[in-house]
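Read in order, the letters of the sequence shown are residues 1 to 258 in UniProt numbering.
To keep things clear, I will list the structure first and then write my remarks on it.
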Amino acid sequence: MYHFRKAKREGIFRAPLESGRSFLQSLINYVHQFDLVRLLLLAAGFALLLLPFNMYTMQAKGWGSLMMIYFLVFGVVSIATFVVWETSFARVSLTSWALLRDRTIIGCCMVGFSLFASTQCRQPFFSSYLQVVNDLNVTNASYDLQSGTVVQIIGNIVKGVVISFSGRYKPISLFLAMALIVLGTGLLMHCREPTRYVGYIAMCNIFVNFGFGILMLTVEIGILAATSAQQYFAITIALLNLFCYIGQAVGYTNSSAI
């Protein structure tokens, strides 16, 4: 407040001019500027599209329930309407459509979707599996499960150090992170039997989460590098998170079905 009043005294700060609009005109202007129609369509579309993945188990007919079908249909229709509104009628665009056609951005979103979908296929019931199949108690099963978070953080630190010295993020993503995820997942399929030593499962979990920690960081770097204008940084990160959440819902559904 002190600097604000000082700026007013020195004539640096000038009061904004009156817009000359009435209350209704201002309300309509802000509706267009913030594009409430776009926000409602997008929020409703993804909410209706993602809810069935978690609610179908509560229905007697599962995916055959009319509620699930209505949710999916209206979700797809809302997203399609959002695209039409954004391209043809909106005064203020959410993002540049050239960005959405960029191969790097599409690839980063697909990587985020795949990572979270594959992780959620095993993560929700991983602790229960260790307790039932490998006869671990709750404490040891939790140690094995929660160690993944620590390993991901270590992977982030290692990735940051490598990028700071090399200035490149693609080699470590393709040749280390992806290799570790594929190796860990493949070995986990082999070591999941109850006759195997449980330490092998912990090793596979470390491989997968170390690669996951590296790859999720580089995906964000890649999608920001493909965004030339700073004004689109926030929306591209939000778009990446959206694909990650969709992948998480799909993976959780597959896990429940399995």
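Built from N, CA and C at the ideal position, the CB exists for glycine as well.
inquiry  = Please classify T218 as buried or exposed, where buried requires at least 16 other C-beta atoms within 10 Å of its C-beta.
reply    = In the sequence shown, counting from the first residue as 1, residue 218 sits at position 218. By the neighbour-count rule (16 or more Cβ atoms within 10 Å), T218 is buried.
For E86, the three-state DSSP class (helix, strand or coil) = Against the sequence shown, residue 86 aligns to sequence position 86. It is helical.
Status (buried if at least 16 other CB within 10 Å, exposed otherwise) for D135 = Start at 1 with the first residue of the sequence shown, and residue 135 comes out as number 135. D135 should be labelled exposed.
query = What whole-angstrom Cβ distance do G75 and C244 have, given they're in contact under 8 Å?
reply = Walking along the sequence shown from the start, residue 75 turns up at place 75. Walking along the sequence shown from the start, residue 244 turns up at place 244. With a Cβ gap of about 18 Å, G75 and C244 do not count as contacting.
message = Nearest by alpha-carbon distance to G211: which of V92, S118, F89 is it?
response = Here residue 211 refers to the residue found at position 211 when the sequence shown is read from its first residue. For G211, the nearest C-alpha among the options comes from S118.
ask   = What are the boundary residues of the alpha helix (DSSP H) that includes V37?
value = Numbered from its first residue, the sequence shown carries residue 37 at position 37. First-last of the alpha helix (DSSP H) with V37: 36–55.
key: Beta-carbon proximity list for A90, same chain, < 7 Å, skipping 5 on both sides   = What you label residue 90 is simply residue 90 of the sequence shown in a count that begins at 1. Here the set comprises D35, R38.
Contact under 7 Å by Cβ, residue 260 with F82 = Because the chain in this structure spans residues 1 to 258, residue 260 falls outside the shown range and cannot be described.
request  = Specify, as a first and last residue, the run of the alpha helix (DSSP H) that K8 falls within.
outcome  = For the purposes of this step, residue 8 is taken as residue 8 along the sequence shown, with counting starting at 1. Counting along the chain, the alpha helix (DSSP H) containing K8 begins and ends at 2–9.
message = Using a 10 Å radius around the Cβ and a threshold of 16 neighbouring Cβ atoms, would you call P52 buried or exposed?
response = As a first step, residue 52 is located in the sequence shown; it is residue number 52 there, counting from the start. It is buried - the Cβ of P52 has at least 16 other Cβ atoms within 10 Å.
ask   = From which residue to which residue does the alpha helix (DSSP H) around E220 run?
value = Indexing the sequence shown from 1 puts residue 220 at position 220. E220 -> alpha helix (DSSP H) spans 198–225.
query = Can you round the beta-carbon distance between L115 and G247 to whole angstroms, since I take them to be within the 8 Å contact cut?
reply = One-based indexing of the sequence shown puts residue 115 at position 115. One-based indexing of the sequence shown puts residue 247 at position 247. About 7 Å separates the two Cβ atoms, so the contact holds.
inquiry  = Measuring only the C-alpha atoms, how far is F233 from L224?
reply    = Stepping through the sequence shown from its first residue, residue 233 is reached at position 233. Stepping through the sequence shown from its first residue, residue 224 is reached at position 224. Their Cα atoms are separated by approximately 6 Å.
key: Cβ neighbours of S93 in the same chain (closer than 8 Å, five flanking residues each side left out)   = If you number the sequence shown from 1, residue 93 lands on position 93. Taken in chain order, the residues that qualify are E86.
query = Do you know how far the Cα of S147 is from the Cα of L48?
reply = Locating residue 48 in the sequence shown gives position 48, counting from the first residue. Locating residue 147 in the sequence shown gives position 147, counting from the first residue. One C-alpha to the other measures close to 34 Å.
message = Going by DSSP, what residue range makes up the alpha helix (DSSP H) through D144?
response = Residue 144 sits at position 144 when you count from the first residue of the sequence shown. D144 -> alpha helix (DSSP H) spans 138–166.
ask   = Whose C-alpha, out of L24, Y200, I28, is nearest the C-alpha of D144?
value = Here the question's residue 144 lines up with position 144 in the sequence shown. Per the Cα distances, Y200.
message = Classify F23: buried if its beta carbon has 16 or more other beta carbons within 10 angstroms, exposed otherwise.
response = Here residue 23 corresponds to residue number 23 of the sequence shown, with the count starting at 1. Result: exposed.
message = At the level of alpha carbons, what is the spacing between A179 and Y197?
response = As a working mapping, residue 179 is identified with position 179 in the sequence shown. As a working mapping, residue 197 is identified with position 197 in the sequence shown. C-alpha separation (whole angstroms): 23 Å.
inquiry  = To the nearest angstrom, how far is the alpha carbon of K159 from that of I105?
reply    = Within the sequence shown, residue 159 is the residue found at index 159, counting from 1. Within the sequence shown, residue 105 is the residue found at index 105, counting from 1. Near 20 Å, if we compare the C-alpha coordinates of I105 and K159.
ask   = Taking Cβ to Cβ, would you say Q152 is nearer than 7 Å to Y252?
value = Looking up residue 152 in the sequence shown gives position 152. Looking up residue 252 in the sequence shown gives position 252. Against a cut-off of 7 Å, the Cβ pair of Y252 and Q152 comes out as no contact.
query = What's the C-alpha gap between M55 and I237?
reply = Here the question's residue 55 lines up with position 55 in the sequence shown. Here the question's residue 237 lines up with position 237 in the sequence shown. Each residue's Cα considered, the two are about 28 Å apart.
message = Rounded to whole angstroms, what is the Cα-Cα separation between P124 and A98?
response = Sequence index remark: in the sequence shown, residue 124 carries index 124 (1-based). Sequence index remark: in the sequence shown, residue 98 carries index 98 (1-based). Each residue's Cα considered, the two are about 37 Å apart.
ask   = Which of the three DSSP states, helix, strand or coil, is assigned to F116?
value = On the sequence shown, residue 116 is found 116 positions in, with the first residue counted as 1. Three-state DSSP puts F116 in a helix.
query = From this set, A202, V182, I12, A226, which residue's C-alpha is nearest T149's C-alpha?
reply = Stepping through the sequence shown from its first residue, residue 149 is reached at position 149. Of A202, V182, I12, A226, the residue nearest in Cα terms is A202.
message = Using a Cβ-Cβ cutoff of less than 6 Å, which residues in the same chain neighbour S78 once the five nearest sequence positions on both sides are dropped?
response = Position 78 of the sequence shown, counted from the start, is the residue given in the question as residue 78. So the qualifying residues of the chain are L41, A44, G45.
message = On a Cα-Cα basis, can you pick out the residue from W63, L187, C108 that is closest to Y169?
response = Residue 169 sits at position 169 when you count from the first residue of the sequence shown. Checked all of W63, L187, C108; the closest Cα to Y169 is C108.
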